[in-house]
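Here our numbering is used: the first residue of the sequence shown is 24, the next is one more, and so on.
Built from N, CA and C at the ideal position, the CB exists for glycine as well.
Okay, so here's the structure we're looking at.
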Amino acid sequence: MTTAYAQGNVNYGVIGAGLQGSTHISIASLAPNATLMAVCDLNEETARAAALKHGARHVFTDWHDLLALDEIEAVSIALPDHLHREVTVAALEAGKHVLLEKPMATSVEDAEAMVEAWKTAGTKLMINWSNRWMPPFASTKEKLTSGALGDPLYCYARLNNTTYVPTQMLSWAAQTRLPYWLICHRYDIARWYFGCEAKKITAVSRSVVLKEMGIDTPDFYQVTVEFEGGQVGNFESCWILPESLPYMVDSKFQLVCTKGYVNVDPNPAVHQLATEERYSHEGFLSNNIMGQPVGFVRCAIEHFINCCVTGSEPMITGDDGLQITRALVAMVEAAETGEAVYL
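Okay, structure coming up:
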């Protein structure tokens, strides 16, 4: 999907300049209807380098200082999963529009607090489940809406990582769980397609590989969700695949409908690059062209910026985030207790 830019401008700040935040900084600086004003990160050197590269005027190491700037109208919050509530509530109470990186929260209580602050503030709150902007998922939604596939009945979703992610990429892997980190992407897609909420969730998980490494989080989850409309979804994720794999993400999504079938299978990658020095799988759904990011992540962030400018509601609101959080928390609970969770 391409972006049609709304006329107007929004002054923008980004809290968190790490893995995800750096992408928000870059895209906000490129959007023709946004002005990147400020960058905040605990690491001043990281924040200053990002601000200098992308033309932000202000650099902060304390997010309170960024939110105190009246000229900032909208912010991206790209922090570890368990740190979302305090910053998001404060940003909304300060009257800012908020684009919050997924997952919304790791507890229902935190998600409810954010929704309450959002509805009191009357600003925009979007949760960045950007996979909705991936062409295979977006086009499938259009086919469902048109009736070409009939009614969706069942989905199977797999989304895995190599051990690089919990052992090197995330310093806080022990403070999250796979439903919040990976399964949430595909659960959001399934819920979007099915158009209803989960009613019963069963799940199993195991802790072997990462536990031996001193990382206290399960290796994998397998989850079955029964939805209110009668649809069923099977979701599985692990982050213990060997790093010898040529790709960090292993993904598959299948959708069975009354009149059709969809199979999204990007592995192995279809964009392969080999030089005399190395072989790599290049980005197929997101990449850089002439030094600028293109693809689904950019489309999602620019959608939020457009909503801030026009006053329209984002595709994924705080209400969606709360409902998804209820399901994700139930997945973790079901795996820990061995009992079905009814919503």
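Beta bridge counterpart(s) of residue 180 as assigned by DSSP
One-based indexing of the sequence shown puts residue 180 at position 157. According to DSSP, residue 180 bridges with 258 and 276.
Go through the segment 35-71 residue by residue and report every complete run of the beta strand (DSSP E) that reaches 3 residues or more, in order.
57-63
Closest to residue 135 by C-alpha separation, out of 153, 364 and 108, would be which residue?
Locating residue 135 in the sequence shown gives position 112, where the first residue counts as 1. When each option's Cα is compared against that of residue 135, the closest is 108.
Using a Cβ-Cβ cut-off of 7 Å (strictly less than) and excluding sequence neighbours within five positions of residue 141, which residues of its own chain qualify?
Start at 1 with the first residue of the sequence shown, and residue 141 comes out as number 118. Result list for residue 141: 115, 148 and 341, in chain order.
By how many angstroms is the C-alpha of residue 246 removed from the C-alpha of residue 102?
The residue given as residue 102 occupies position 79 in the sequence shown. The residue given as residue 246 occupies position 223 in the sequence shown. Whole-angstrom Cα-Cα distance: 26 Å.
Contact check, residue 263 vs residue 242, beta carbons under 7 Å:
Position 240 of the sequence shown, counted from the first residue, corresponds to residue 263. Position 219 of the sequence shown, counted from the first residue, corresponds to residue 242. Yes, they are a contact pair.
Within 10 angstroms of the Cβ of residue 55, are there 16 or more other Cβ atoms? Answer buried if so, exposed if not.
To locate residue 55, count along the sequence shown from 1; it is residue 32. By the 10 Å Cβ count, residue 55 comes out exposed.
What does a CB cutoff of less than 8 Å around residue 339 pick up in its chain, not counting 5 residues either side in sequence?
Residue 339 sits at position 316 when you count from the first residue of the sequence shown. 149, 150, 151, 152, 155 and 211, listed in sequence order.
Which word fits residue 87, buried or exposed, when buried means at least 16 other C-beta atoms lie within 10 angstroms of its C-beta?
Numbered from its first residue, the sequence shown carries residue 87 at position 64. Exposed, since its Cβ has fewer than 16 Cβ neighbours within 10 Å.
So, with DSSP's three-state summary, where would you put residue 290?
Taking the sequence shown and counting its residues from 1, the one referred to as residue 290 is at position 267. Three-state result, residue 290: coil.
Using a 10 Å radius around the Cβ and a threshold of 16 neighbouring Cβ atoms, would you call residue 231 buried or exposed?
What you label residue 231 is simply residue 208 of the sequence shown in a count that begins at 1. With fewer than 16 Cβ atoms within 10 Å of its Cβ, residue 231 is classed as exposed.
Cutting at 7 Å between CB atoms, please list the residues of its own chain near residue 217, excluding the five before and the five after it.
Here residue 217 corresponds to residue number 194 of the sequence shown, with the count starting at 1. The residues are 175, 250, 252 and 254.
Beta-carbon gap between residue 226 and residue 354 smaller than 7 Å
Translated into the one-based positions of the sequence shown, residue 226 becomes position 203. Translated into the one-based positions of the sequence shown, residue 354 becomes position 331. Contact: yes.
Measuring straight from C-alpha to C-alpha, what distance separates residue 120 and residue 301?
Indexing the sequence shown from 1 puts residue 120 at position 97. Indexing the sequence shown from 1 puts residue 301 at position 278. Their Cα atoms are separated by approximately 43 Å.
Taking the alpha-carbon positions, what's the residue 184 to residue 170 distance?
Translated into the one-based positions of the sequence shown, residue 184 becomes position 161. Translated into the one-based positions of the sequence shown, residue 170 becomes position 147. Approximately 34 Å between the Cα atoms of the pair.
Mind checking which residues open and close the beta strand (DSSP E) that includes residue 97?
As a working mapping, residue 97 is identified with position 74 in the sequence shown. Per DSSP, residue 97 belongs to the beta strand (DSSP E) from 97-100.
Using alpha carbons as the reference points, say which of 182, 284 and 193 lies closest to residue 270.
In the sequence shown, residue 270 corresponds to position 247, counting from 1. Of the candidates 182, 284 and 193, the one whose C-alpha sits nearest the C-alpha of residue 270 is 182.
Among the residues of its own chain, which have a CB less than 8 Å from the CB of residue 50, if the five just before and after it don't count?
Translated into the one-based positions of the sequence shown, residue 50 becomes position 27. 316, 320, 321, 324 and 325.
Check each candidate in 76, 189 and 32 and name the one with the smallest Cα separation from residue 46.
Counted from its first residue, the sequence shown places residue 46 at position 23. Residue 76 is the option with its Cα nearest to residue 46.
What number of angstroms, rounded off, separates the C-alpha of residue 366 from the C-alpha of residue 68?
One-based indexing of the sequence shown puts residue 366 at position 343. One-based indexing of the sequence shown puts residue 68 at position 45. Their Cα atoms are separated by approximately 45 Å.
Could you check whether residue 282 and residue 173 sit closer than 7 Å to each other, using their CB atoms as the reference points?
On the sequence shown, position 150 is the one that residue 173 refers to. On the sequence shown, position 259 is the one that residue 282 refers to. Taking 7 Å as the Cβ cut-off, residue 173 and residue 282 qualify as a contacting pair.
Residue 192 to residue 40, Cα distance in whole Å?
Residue numbering aside, residue 192 sits at position 169 when the sequence shown is read from its first letter. Residue numbering aside, residue 40 sits at position 17 when the sequence shown is read from its first letter. Each residue's Cα considered, the two are about 14 Å apart.
Cβ-based neighbour list, residue 280, same chain, cut-off 8 Å, excluding 5 preceding and 5 following:
As a working mapping, residue 280 is identified with position 257 in the sequence shown. So the list reads 167, 172, 173, 174, 175 and 176, once near-sequence residues are dropped.
The alpha helix (DSSP H) that contains residue 151, what's its start and end?
Taking the first residue of the sequence shown as 1, we reach residue 151 at position 128. Note, residue 151: premise wrong, no alpha helix (DSSP H); beta strand (DSSP E) at 148-151.
Assuming residue 282 is part of the beta strand (DSSP E), what are its boundary residues?
In the sequence shown, the residue the question calls residue 282 occupies position 259. Residue 282 -> no beta strand (DSSP E), and no H or E assigned at all.
Using the DSSP secondary-structure output, state which residues sit across from residue 224 in a beta bridge.
As a position in the sequence shown, residue 224 is number 201, starting the count at 1. Beta-bridge pairing links residue 224 to 248 and 364.
The beta strand (DSSP E) that contains residue 122, what's its start and end?
Walking along the sequence shown from the start, residue 122 turns up at place 99. Per DSSP, residue 122 belongs to the beta strand (DSSP E) from 120-124.
Can you grab the Cα-Cα spacing for the pair residue 127 / residue 327, in whole Å?
Here residue 127 refers to the residue found at position 104 of the sequence shown. Here residue 327 refers to the residue found at position 304 of the sequence shown. When rounded, the distance between both Cα atoms is 16 Å.
Using a Cβ-Cβ cutoff of less than 8 Å, which residues in the same chain neighbour residue 80 once the five nearest sequence positions on both sides are dropped?
Residue numbering aside, residue 80 sits at position 57 when the sequence shown is read from its first letter. So the qualifying residues of the chain are 60, 61 and 74.
Please name the residue or residues paired with residue 81 in a DSSP beta bridge.
Residue mapping note: residue 81 aligns to position 58 of the sequence shown, counting from 1. According to DSSP, residue 81 bridges with 61.
Going by alpha carbons, who is nearest to residue 42 out of 349, 286, 362 and 194?
Reading the sequence shown from its first residue, position 19 is the one you call residue 42. If we check each option's Cα against that of residue 42, 194 comes out closest.
According to DSSP, which residues form a beta bridge with residue 232?
Numbered from 1 along the sequence shown, position 209 holds the residue referred to as residue 232. None; residue 232 has no bridge partner.
Simplified DSSP assignment, three categories, for residue 318:
As a working note, residue 318 is residue 295 in the sequence shown. In the structure shown, residue 318 sits in a strand (DSSP, three-state: E or B).
Coil, strand or helix - residue 159 by DSSP
Within the sequence shown, numbered from 1, the residue matching residue 159 stands at position 136. Three-state result, residue 159: helix.
Locate the alpha helix (DSSP H) running through residue 212, then write down its first and last residues.
Walking along the sequence shown from the start, residue 212 turns up at place 189. Counting along the chain, the alpha helix (DSSP H) containing residue 212 begins and ends at 207-217.
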